[in-house]
Amino acid sequence: MTAADSNAVAAALTEEKKALLIAAARAAAANAYVPYSGFPVGAAALTESGDIVSGVNIENASYGLTNCGERVAIQSAAARGHRVILAVAISAPKAAGATPCGACRQVMNEFKPVDREMYILLDNVDSVEEIRLSDLLPRAFGPRDLALAGDRHENM
Ligand SMILES: [Zn+2]
Numbered sequence: 017m018t019a020a021d022s023n024a025v026a027a028a029l030t031e032e033k034k035a036l037l038i039a040a041a042r043a044a045a046a047n048a049y050v051p052y053s054g055f056p057v058g059a060a061a062l063t064e065s066g067d068i069v070s071g072v073n074i075e076n077a078s079y080g081l082t083n084c085g086e087r088v089a090i091q092s093a094a095a096r097g098h099r100v101i102l103a104v105a106i107s108a109p110k111a112a113g114a115t116p117c118g119a120c121r122q123v124m125n126e127f128k129p130v131d132r133e134m135y136i137l138l139d140n141v142d143s144v145e146e147i148r149l150s151d152l153l154p155r156a157f158g159p160r161d162l163a164l165a166g167d168r169h170e171n172m
């Protein structure tokens, strides 16, 4: 990753966009479907084109089918044709600052900008913590390992 590439992502992630992302994640949390855990999570993904797509955790009576808010947001964005996610905001009202689970980190890595960082914004209620995906998932396995990094946008 070059400094210029990192700066390009950082430039797209303005303070205004960060505030919008956190607000979207907080608003989404109200729609979480969590009858079993009572642990709502809202997430919002910022796409390369500037769209914000939100998601919530959705539980199931067959517990293993539960999906996290982060994955719902990212996969909803993918379903709308987006292939690059610049940042994901996460709001967990009952656990401020909660970080994404391992499965979500892997899914984030799939749609992070090639050779650039994805930023994760954690809602700490009165502040926002910004962390890099590479700090949450170092030495990640991803599209590049399958030699698809260069053409995932064209072929998918
Ligand atoms: Zn998760």
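Residue numbering for the sequence shown follows our numbering, starting at 17 and increasing by one per position. Yeah, the Cβ is synthetic: ideal placement off N, Cα and C, and Gly gets one too.
- Contact annotation, Leu-137 with Ala-103: C-beta distance approximately 6 Å; criterion of less than 8 Å satisfied.
- Cβ neighbours of Arg-42 within its own chain (closer than 7 Å, five residues either side excluded): Gly-58, Ser-107, Asp-139.
- Under DSSP, Tyr-49 shares a beta bridge with Ile-74.
- In this structure, the alpha-carbon of Asp-131 lies about 33 Å from that of Ala-48.
- Contact between the region 73-91 and the region 144-151 is absent: fewer than three C-beta pairs spanning the two stretches fall below 8 Å.
- Residue burial annotation: Arg-87 is buried, with at least 16 other C-beta atoms found within 10 angstroms of its C-beta.
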